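Enquirer: Numbering (the numbering used here), first residue to last: -7 to 89.
Glycine is no exception: its CB is placed at the ideal position from the N, C-alpha and C atoms.
Owing to the predicted nature of the structure, the values given are computational and were not obtained by experimental measurement.
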Amino acid sequence: KGFGGLIRIMVGFEPDGTIHNVAVLEHKETPGLGDKMERKKSNWSVQFEGKNPADFKLSVTKDGGDVEAITASTISSRAFCDAVARAYNAYMKGGKK
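Written out as structure tokens, the structure reads:
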């Protein structure tokens, strides 16, 4: 849950769990702030690509993680990290093909 409501994303993983790509499907975050998670608004989400959550902490640096938060949008950034972490956990628990 982000600042404006639920954030829905799609995460693609390599077989070893490395993040291949992340796409935002739906959100209601603040225009000009939290909406920077969208690729068409900024390249913020690129920092997840090529990272493996086994050794990349999916939380914002303010919380001791490895993700640089969107300026003035820590809640949105935390929610995005949480969504990626949930996708990773689901993938590693059996979603792998």
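So, with DSSP's three-state summary, where would you put I1?
Expert: Numbered from 1 along the sequence shown, position 9 holds the residue referred to as residue 1. Correct three-state label for I1: strand.
Enquirer: Which residues does DSSP list as the beta-bridge partners of E18?
Expert: If you number the sequence shown from 1, residue 18 lands on position 26. Its beta-bridge partners are R0.
Enquirer: My guess is that G37 and V14 are in contact by the Cβ rule of under 8 Å, so how many angstroms apart are they, rounded?
Expert: By 1-based counting over the sequence shown, the position of residue 37 is 45. By 1-based counting over the sequence shown, the position of residue 14 is 22. Residue identity differs from the one stated: residue 37 is Ser in this sequence, not Gly. Going by Cβ atoms, the distance from S37 to V14 rounds to 5 Å, so yes, they are a contact pair.
Enquirer: Have a look at I11 and T53 and give me their C-alpha separation to the nearest angstrom.
Expert: To locate residue 11, count along the sequence shown from 1; it is residue 19. To locate residue 53, count along the sequence shown from 1; it is residue 61. Approximately 19 Å between the Cα atoms of the pair.
Enquirer: If contacts are defined as beta-carbon pairs under 8 Å, then G(-6) and I67 qualify, I think. What distance do you get, rounded to the angstrom?
Expert: As a working mapping, residue -6 is identified with position 2 in the sequence shown. As a working mapping, residue 67 is identified with position 75 in the sequence shown. Going by Cβ atoms, the distance from G(-6) to I67 rounds to 6 Å, so yes, they are a contact pair.
Enquirer: Taking DSSP's pairing of strands, which residues face V76 in a bridge?
Expert: Within the sequence shown, the letter at position 84 stands for residue 76. The partner list for V76 (beta bridge, DSSP) is empty, contrary to what the question assumes.
Enquirer: So, G9 versus N44, is the Cβ gap smaller than 9 Å?
Expert: To locate residue 9, count along the sequence shown from 1; it is residue 17. To locate residue 44, count along the sequence shown from 1; it is residue 52. Yes, they are a contact pair.
Enquirer: Would you list the residues sitting across from N81 in a DSSP beta bridge?
Expert: As a first step, residue 81 must be located in the sequence shown, where it is residue number 89. For N81, which the question treats as bridged, DSSP gives no partner whatsoever.
Enquirer: State the Cα-Cα distance for the pair R31 and G24, rounded to the nearest angstrom.
Expert: Residue 31 sits at position 39 when you count from the first residue of the sequence shown. Residue 24 sits at position 32 when you count from the first residue of the sequence shown. Roughly 13 Å separates the two Cα atoms.
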